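K.L.:
Quick one: this structure, given as structure tokens, is what I'll be asking you about.
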Amino acid sequence: MKGLVLRDATPQDVLLVLGFVRALADYEKLLHEVRATEADFQRLLFAEPRRAEALIAEAAGDPVGFALWYYSVSTFDGRPKLYVEDVFVQPAARGRGIGRAIFADLARRALAQGCLRMEWSVLDWNAPSIAFYRSIGALPREGWTLQRLSGDALAALAAQET
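Here my numbering = 1-based position in the sequence shown + 1.
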């Protein structure tokens, strides 16, 4: 897309990142689950050790989207992988190639870091996103389901004596 700039987020973008996270959560009907604060994103993105990275997509100088990712490992491959936690493009800016540009940028970053793959999750009802992911060559990871341990269950397990 002409006039599109993808740039690394800066500490001055923390409020913008939080706003995009909240907009994504609202789209996913999960806004009630957002507890993150500006301080949380400041710590995640810019404190040492950095736990995540983010980019901002700007069209004609206006922020229209973002991505947040981190690196994990594949023990089977013995290599890092880039995990895309969030990608969001404002509804009014969709269909202009911004999402594709974000994923292409992330793919370049993944390869530059020696990653063999990128991974992310998508809600099963999100047909437009799933169709987009298929259009860029992504496939579901068949036979695997995401597991989550949080809240009281996480605390109870952590409290167990070994």
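Positions of the beta carbon are idealized from the N, C-alpha and C atoms, including for glycine.
Keep in mind that this is a model prediction, so the values were computed, not measured.
So, using beta-carbon positions, are residue 1 and residue 110 closer together than 8 angstroms?
P.N.:
Here the chain has residues from 2 to 163 only, and residue 1 is not among them.
K.L.:
Would you kindly work out how many angstroms separate the C-alpha atoms of residue 54 and residue 46, rounded to a whole number?
P.N.:
6 angstroms
K.L.:
Kindly indicate which three-state DSSP category residue 186 falls into: helix, strand or coil?
P.N.:
Lying before the first or after the last residue shown, residue 186 is absent from the chain, which here runs from 2 to 163.
K.L.:
In three-state DSSP terms, what is residue 15?
P.N.:
helix
K.L.:
Going residue by residue through the stretch 74-151, where are the continuous beta strand (DSSP E) segments of at least 3 residues, counting only ones entirely within it?
P.N.:
80-90
K.L.:
Going by C-alpha to C-alpha distance, which of 108, 83 and 124 sits closest to residue 25?
P.N.:
Nearest of 108, 83 and 124 to residue 25, Cα basis: 124.
K.L.:
Bridge partners for residue 162 per DSSP, in chain order?
P.N.:
BP columns for residue 162 are empty, so no partner.
K.L.:
Report the three-state DSSP secondary structure of residue 36 (helix, strand or coil).
P.N.:
coil
K.L.:
What does the alpha-carbon distance come out to for the pair residue 60 and residue 140?
P.N.:
29 angstroms
K.L.:
Helix, strand or coil for residue 45, going by three-state DSSP, please let me know.
P.N.:
helix
K.L.:
Go to residue 8, then tell me how far its beta strand (DSSP E) extends in each direction, as first and last residue.
P.N.:
5-9
K.L.:
I need the DSSP call for residue 66, collapsed to helix, strand or coil.
P.N.:
Of the three classes helix, strand and coil, the one that applies to residue 66 here is strand, per DSSP.
K.L.:
Mind reading off the beta-carbon distance from residue 102 to residue 17? Whole number of angstroms is fine, and I expect it under 8 angstroms.
P.N.:
Not confirmed; about 18 angstroms, so no contact.
K.L.:
Which residue comes first and which comes last in the beta strand (DSSP E) that contains residue 31?
P.N.:
Premise fails: residue 31 is in no beta strand (DSSP E) and is neither H nor E.
K.L.:
For the stretch 34-42 and the stretch 70-81, state whether three or more C-beta atom pairs, one from each stretch, are separated by less than 8 angstroms.
P.N.:
no
K.L.:
So, is residue 22 buried or exposed, given that buried needs 16 or more other C-beta atoms within 10 angstroms?
P.N.:
buried
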